[in-house]
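> Pasting a structure below so you can have a look.
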Amino acid sequence: MIESDIADFDLARSRARIRAALDGVITIDAEGIVVEWNPAAERIFGYSADEAVGRIMADLIVPPAMHAGHRDGMARYLASGEGRVLDQRLEMPAITADGREITIELTITSFTAGGEQWFTGWARDITDLKRTEHALAVSEQRFQAVVEHSSDVITIIDRDGNWLYTSQAGTRLTGYPKGFDPEGGIFSLLHPEDTGLALQTLQEVMAGTRGPDEPVELRIIDADGKTLRFETVGVNMLDNPAVEGVVLHARDVTERHAAEAELGLRTQQLAGVLGSIQLGVLVEDRRRHVAVVNDAFTKMFSTPVTAGELVGADCAAMAEQVKDFFLDPARFVEGIDRCIAGRAPVSEEVTLADGRVLERDYLPVLSEAGDIDGHIWMYRDVTDRKRAEEEREHMLEAERLARRSIEASQAVLEVQNRSLRELDRLKDEVVATVSHELRTPLSSIVSFGELLDDVQVGPLNDEQQEFVTTIRRNADRLIRVVNDLLLLARLESDTIALAYEPVDLADMARSVVAAYQPMAEEKGIALAIAGGSGPSGLADRERLEQVVSNLVTNAIKFTPPGGQVAVGVREIGSSHCIEVTDTGIGIPADEQEELFQRFFRASNAREATIPGTGLGLAVCHAIVRLHAGQIDVHSTEGEGSTFRVIIPAH
């Protein structure tokens, strides 16, 4: 009886412990039927003890995908006593009453009681723990990924400079293998000149007197012996149990340093170029601070500081300071803002308060991405050019006014010329009419003069004979004048057709010279033909001979006794030339252009009372023109003249 009571007491105490256990305790028989389900199991899986006891445990909490494995494991254990999952701490998924999948930590034991095989599982819900572990693992992976793939070198050293950790960037940039730890730690890799600076910086970081916003540039000797430059900041984490070191963030600035050095050289070269030009040039960086400025700019605006002292100055503030130099200060400042906002080249003029005019060119400096990297301003003094343009405009306006005046005058002259042409036509008409009307009575006078001179009419005394001779001489002269006028009228009206025939020009010239030889000898003038044979050509012999005769008689008439007259014929290119040269009184230079006009006589001929009508040369000019030729004169007053007739050879 006492033994039975003790057994009942032990059983009751065991059940009490199971009910009070924090882990879920589940006991099943060999068929997998739940025989015990404690309160912790109720909390973990959501089934009450009444709902769970008597049901197959696998149907309650084992995921469907694991049912077959669960059955096979129990069968194998019952058949062979081999249980690979017994007495081990396992992590596995489980299903709750509401269908959620959770992760449990499970330990399974087996025992025999009353000749039956029993299994008890101790289950603990570790879902939150696993989620936390997963989150920590993901966070760790992310941290490792960020650190290992960072372009910056992240290094952890202890207070003595010994290496604790270096990110992948350190290996990639320096060429040293992962885990490389030379004697002397990180300081052994420093450029000898930077060791003292590095030690001082480490001490300041550990002492808290240098913060992460105060970088220092250090030189590292890489595995190939090349010098690299790193911009480095340190963070003291010696008291952080997860780190226990000083974290160094180092950025490779070797290329930037080289670029800055190159930029400095280029800037010096640019400054040299800018210093040699007259343009005022100002270059701003993206923050609108002066990057480059030349002396011409400071002189142009009379700045109280040098170009070198302006570098780094705030351009917006500087514009406010110099705006009063301009005629319209507000417009000057607004123009700068407008140019920058437009992001495009601009060329415009600005006027200074002292009257000077500047041409301002703006150029934005754009990066490959299209962002503004800076601004270039160029000023040139165009005051003189503007004044010249204004003067030119005034001159052009004066020219336009003069042109309009000339055009008006030309219109008046055209009206006057039309009137003169009409008068000239009427004059020609009158001359032709008068000449025609004079010809008949003159012919009668000549005829009656001849009759009076005829002895058959009756003898005349000496005085009467002199009168008749004078009448006949003057009548002949008038007839020649009338004939010349009528011929000239016909020539100028193109009513005469030339009778072209082969003409030996030299022979024709000799004939003219022979005809007027007595006239020349009578005056004591040597008349000769120059040269021998000459060219032949097609011409109207009668008219051309009239031209040469007029020129020869004029030469004899205007040459004093003892002078010379020469007639020559020659070829000039594809033309024939007839020249008559004399040593006469010549023609004033300012009158030679009018020489071939009708009725024109040179002033020195009139003063010498040499008779003439002024028609002979006009007739010559008209005949030569009909031959498609030209006639000109070369004369020096008091020395003589040369008349030249040129006609085509064909």
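For the sequence shown, our numbering assigns the number 325 to the initial residue and increments by one for each residue that follows.
Note that the Cβ used here is the ideal one computed from N, Cα and C, for glycine as well.
All of these numbers come straight from a predicted model, not from anything done at the bench.
Using alpha carbons as the reference points, say which of Val-891, Ala-850, Ala-863 and Gly-861 lies closest to Ser-835.
Val-891
> Starting from Val-948 and walking both ways along the alpha helix (DSSP H), at which residues does that stretch end?
940-950
> Do Ala-292 and Pro-972 have their C-beta atoms closer together than 8 angstroms?
Past the edges of the chain, shown from 325 to 974, lies residue 292, and the structure says nothing about it.
> Short check: CB of Met-530 to CB of Asn-564, under 8 angstroms?
no
> State whether the stretch 400-414 contacts the stretch 484-494, with contact taken as three or more CB pairs (one from each stretch) at a distance under 8 angstroms.
no
> Starting from Ser-434, trace the beta strand (DSSP E) both ways and give me its first and last residue.
Unbroken beta strand (DSSP E) run through Ser-434: 425-437.
> Taking C-beta to C-beta, are Ser-873 and Ile-911 nearer than 8 angstroms?
no
> Less than 8 angstroms between the beta carbons of Phe-621 and Gly-604, yes or no?
yes
> When you compare the CB positions of Leu-513 and Ile-478, do they come within less than 8 angstroms of one another, or not?
no
> With which residues is Thr-556 paired in a DSSP beta bridge?
Val-540 and Ala-574.
> Given a threshold of 16 other Cβ atoms within 10 Å of its Cβ, counted over all protein chains shown, does Ala-833 qualify as buried or as exposed?
buried
> Thinking just about the alpha-carbon of each residue, which of Ala-574, Ala-732, Tyr-703 and Ile-510 is nearest to the one in Pro-539?
Ala-574
> Pairs of beta-carbons, one from the stretch 835-845 and one from the stretch 863-879, closer than 8 angstroms: are there three or more?
yes
> Measuring alpha carbon to alpha carbon, tell me which of Phe-504, Leu-523, Glu-579 and Asp-638 ends up nearest Ala-547.
Nearest of Phe-504, Leu-523, Glu-579 and Asp-638 to Ala-547, Cα basis: Phe-504.
> Using beta-carbon positions only, say whether Asp-906 and Ser-860 come within less than 8 angstroms of one another.
no
> For Gly-535, does the three-state DSSP call read helix, strand or coil?
coil
> Quick one: Cα of Leu-980 to Cα of Arg-553, how far?
Since the first residue shown for the chain is 325 and the last is 974, residue 980 is missing from the structure and cannot be characterised.
> Do you know offhand how far Met-642's Cα is from Asp-697's?
Each residue's alpha carbon lies about 19 angstroms from the other.
> Helix, strand or coil for Gln-592, going by three-state DSSP, please let me know.
helix
> Going along the chain, which residues of its own chain have a beta-carbon closer than 6 angstroms to the beta-carbon of Lys-454, five neighbours each way excluded?
Thr-427
> Which class does Glu-355 belong to by DSSP, given the choice of helix, strand or coil?
coil
> What residue range is occupied by the uninterrupted alpha helix (DSSP H) comprising Val-386?
It is not in any alpha helix (DSSP H) - Val-386 carries neither H nor E in the DSSP assignment.
> Does the pairing of the stretch 377-396 with the stretch 345-365 give three or more beta-carbon distances under 8 angstroms?
Enough Cβ pairs lie closer than 8 angstroms, so yes.
> Can you give me the C-alpha to C-alpha distance between Gly-397 and Thr-495, rounded to a whole angstrom?
51 angstroms
> Would Lys-647 pass as a contact of Val-681 if the rule is Cβ separation under 8 angstroms?
Taking 8 angstroms as the Cβ cut-off, Lys-647 and Val-681 do not qualify as a contacting pair.
> I'd like the span of the beta strand (DSSP E) that includes Val-689, first residue to last.
681-690
> Are Val-629 and Glu-644 touching if we call contact CB-CB under 8 angstroms?
no
> Give the range of the alpha helix (DSSP H) segment to which Ser-835 is assigned.
829-839
> Can you list the beta strand (DSSP E) stretches of 3 or more residues lying completely in the stretch 600-671, in chain order?
Whole beta strand (DSSP E) segments, 3+ residues: 604-609 and 614-617.
> Tell me, to the nearest whole angstrom, how far the beta carbon of Leu-497 is from that of Ala-522; I am working on the premise that it is less than 8 angstroms.
Leu-497 to Ala-522, Cβ: 17 angstroms. No contact.
> Quick one: give me the first and last residue of the alpha helix (DSSP H) that Val-872 is part of.
Its alpha helix (DSSP H) spans residues 865-881.
> If I follow the unbroken alpha helix (DSSP H) through Asp-374, where does it start and stop?
373-376
> My assumption, with CB atoms under 8 angstroms, is that Cys-901 sits in contact with Val-969. Please give the rounded CB distance.
7 angstroms
> Taking the alpha helix (DSSP H) that Thr-498 belongs to, which residues open and close that run?
492-498
> Got a sec? Which residues, its chain only, sit under 7 angstroms from Thr-707 by beta carbon, not counting five neighbours each side?
Arg-680 and Val-681
> Do you know whose CA, among Ala-712, Ile-419 and Thr-436, lies nearest His-391's CA?
Ile-419
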